[in-house]
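These notes are about the structure you will find just below.
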């Protein structure tokens with residue numbers, strides 16, 4: 002996560018410089034997002050739920066269905082992880098949203114952290130989703 006923090010700090014410095022030169026905050030933010038490739042403006046998801054479902058190629062209706070199918074359970078785990086880590090929600094709150102027990106939410110967080118250590122897909126996906134949430138796009 003150090004790389005993400007450095008990128009965000011650099012983006013903040015760039016934005017401050019552009020503001021000094023007279024750009025509006027909205028123009029500066031949009032420019033930074035477009036130039037750094039943080040979010041595609043053509044197919045930007047409107048919600049975190051949609052973003053996660055799009056990444057795992059599942060329907061939004063399936064995210065909270067009680068099933069153990071790998072693609073659905075992984076998507077649900079990633080969704081819970083981002084809610085806990087990026088939005089700062091408690092395990093209990095996330096559990097209420099996802100229809101999970103709070104201990105299951107804890108398990109989701111640990112599982113996704115494990116995925117990030119072992120699988121390239123997750124090492125790329127998770128920081129991108131977290132960054133998008135932190136920047137207010139999801």
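Residue numbers (this note's numbering): 2 to 139. Backbone N, C-alpha and C fix where the C-beta goes; we use that ideal spot for every residue, glycine too.
Note down the Cα distance separating residue 139 from residue 103, rounded to an integer number of angstroms. On the chain shown, position 138 is the one that residue 139 refers to. On the chain shown, position 102 is the one that residue 103 refers to. Here the alpha carbons of residue 103 and residue 139 stand approximately 23 Å from one another.
Under the assumption that residue 57 contacts residue 99 (Cβ atoms under 8 Å), give the Cβ distance between them as a whole number of angstroms. Here residue 57 refers to the residue found at position 56 of the chain shown. Here residue 99 refers to the residue found at position 98 of the chain shown. At roughly 15 Å, the Cβ-Cβ gap does not stay under 8 Å, so residue 57 and residue 99 are not in contact.
Can you give me the Cβ contacts of residue 48 inside the same chain, cut-off strictly under 7 Å, excluding the 5 residues immediately before and after it? In the chain shown, residue 48 corresponds to position 47, counting from 1. Cβ within range, chain order: 139.
Following the continuous alpha helix (DSSP H) through residue 61, name the residue where it begins and the one where it ends. Residue mapping note: residue 61 aligns to position 60 of the chain shown, counting from 1. First-last for residue 61: undefined, no H or E at that position.
Can you tell me whether residue 52 is helix, strand or coil according to DSSP? Sequence index remark: in the chain shown, residue 52 carries index 51 (1-based). Residue 52: helix per DSSP, three-state reduction.
Measure the Cβ-Cβ separation of residue 87 and residue 118 and say whether it is below 9 Å. Translated into positions along the chain shown, residue 87 becomes position 86. Translated into positions along the chain shown, residue 118 becomes position 117. Going by C-beta atoms, residue 87 is not nearer than 9 Å to residue 118.
Rounded to a whole number of angstroms, what is the C-alpha to C-alpha distance between residue 19 and residue 54? Sequence index remark: in the chain shown, residue 19 carries index 18 (1-based). Sequence index remark: in the chain shown, residue 54 carries index 53 (1-based). Cα to Cα, the separation comes out at about 35 Å.
For residue 70, I'd like the list of residues in its chain whose CB is within less than 6 Å of its CB, leaving aside the five on either flank, ordered along the chain. Position 69 of the chain shown, counting from 1, holds the residue named residue 70. Same-chain partners within the cutoff: there are none.
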